[in-house]
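To start, the structure under review is shown below, and the notes come after it.
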Amino acid sequence: MNKNFILYAAILIFGLAAPFLFPAFKVQLSILCVLIVLATTWNIQGGEMGYNSFGNILFYGLGMYLCASVQVGMFFPLAEWTESGGEKTFVHTPTHFFSRYGSWIYL
């Protein structure tokens with residue numbers, strides 16, 4: 002048999018067995034594949050074609066925002082999390098209310 006064939010077969014067998022041998026590797030490999038697909042689509046639209054329409058970018062951004070909202074919503078109440086800025090309690094005093102409107106002066 003050819004030496005290269007044995008090497009390629011060993012790499013293929015290891016690649017097929019690795020997710021079962023290393024469960025954390027399975028998750029990492031899945032995330033890597035998703036990032037590769039996202040990077041490739043962004044390269045095709047933004048790099049190769051140079052075509053960045055608002056519709057494509059809008060759906061790309063809304064999809065990422067929706068995924069992040071769902072992931073946060075699984076573990077925390079989403080309304081509480083976004084309103085309180087990550088804190089676990091609602092304490093809205095008049096100082097907090099007026100500090101929001103006065104903060105634009107510093108910009």
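If you use the numbering used here, the sequence shown corresponds to residues 2 to 108, in order.
We put the beta carbon where it would ideally sit given N, CA and C, even for glycine.
Keep in mind the model is a prediction, meaning the values are calculated, not measured.
Measuring C-alpha to C-alpha distances from T42 to each of I14, I58, L30 and L67 identifies I58 as the nearest. The three-state reading of DSSP puts S31 in helix, counting H, G and I together.
The DSSP-derived three-state label of S54 is coil.
Distance from A18 to F26 at the Cβ level is roughly 11 Å; contact not present, criterion being Cβ atoms closer than 8 Å. Counted as a single uninterrupted DSSP element, the stretch harbouring N3 is not any alpha helix (DSSP H), since DSSP gives it neither H nor E.
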